[in-house]
Amino acid sequence: REKRLTLPPSEITLL
Amino acid sequence: TSSPISALNTALVRVVKNSNTLGIAIEGGANTRQPLPRIVTIQKGGSAHNCGQLKVGQVILEVNGISLRGQEHEEAARIIAEAFKTKEKDHIDFLVAELG
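Quick mapping for you: the protein sequence lines, in order, are chains C and E. The first sequence runs 16 to 30 under the numbering used here. The second sequence runs 8 to 107 under the numbering used here.
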């Protein structure tokens with residue numbers, strides 16, 4: 016089983 | 008589990024809705040490298056900018072008492088957008104923390 020090494024990049028939302 | 012956030016400088020900031028826009032951009036959320044939403048931009052002329060107390064780099068812990076801990080990006084953004092949109096209040100209370 017592959018271990019995920021990095022978290023997904025953050026999205027940016029303009030509010 | 009103990010919270011590292013509790014050891015940081017936190018501030019309760021009230022943003023009055025005195026402009027058509029809130030005027031902040033946020034990044035992050037649960038399951039990202041930035042687990043709590045962080046302010047990356049404050050637009051001039053927006054309510055947040057007019058308030059003068061929110062700063063780029065602060066992380067948002069709570070919005071009107073609603074914790075953003077564990078909320079994914081989209082949900083955190085929705086909570087903030089709803090807080091700005093509702094006519095029940097003329098302001099939004101942000102609990103923010105200064106990092107580093």
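Positions of the beta carbon are idealized from the N, C-alpha and C atoms, including for glycine. Only a predicted model underlies this, so the values are computations on that prediction, with no experimental measurement involved.
Check: Give me the Cβ distance between His80 of chain E and Gly30 of chain E, rounded to the nearest whole Å; I'm assuming they're in contact under 8 Å.; Outcome: About 18 Å separates the two Cβ atoms, so there is no contact after all.
Check: Is the Cβ of Ala84 of chain E closer than 7 Å to any Cβ of chain C?; Outcome: yes
Check: Residues of chain C with CB under 7 Å from Glu105 of chain E, in chain order?; Outcome: What Glu105 of chain E touches in chain C: nothing, since even the nearest Cβ is about 19 Å away.
Check: One question on the structure: do Ala104 of chain E and Leu30 of chain C come within less than 7 Å of each other, judged by their Cβ atoms?; Outcome: no
Check: Under 7 Å, do Asp100 of chain E and Lys24 of chain E count as touching if we go by C-beta distance?; Outcome: no
Check: Pull up the CB-CB distance for Gly64 of chain E and Arg45 of chain E, whole angstroms please, since I reckon it's below 8 Å.; Outcome: 7 Å
Check: Give me the Cα-Cα distance between Ser26 of chain E and Ile73 of chain E, rounded to the nearest whole angstrom.; Outcome: 23 Å
Check: 7 Å is my cut-off, CB to CB: does Ala32 of chain E come that close to chain C?; Outcome: yes
Check: So what does Ala84 of chain E bridge to, in DSSP terms?; Outcome: Looking at the DSSP assignment, Ala84 of chain E forms no beta bridge with any residue, so it has no partner.
Check: Please list, in chain order, the chain C residues whose beta carbon lies closer than 8 Å to that of Phe91 of chain E.; Outcome: Leu30
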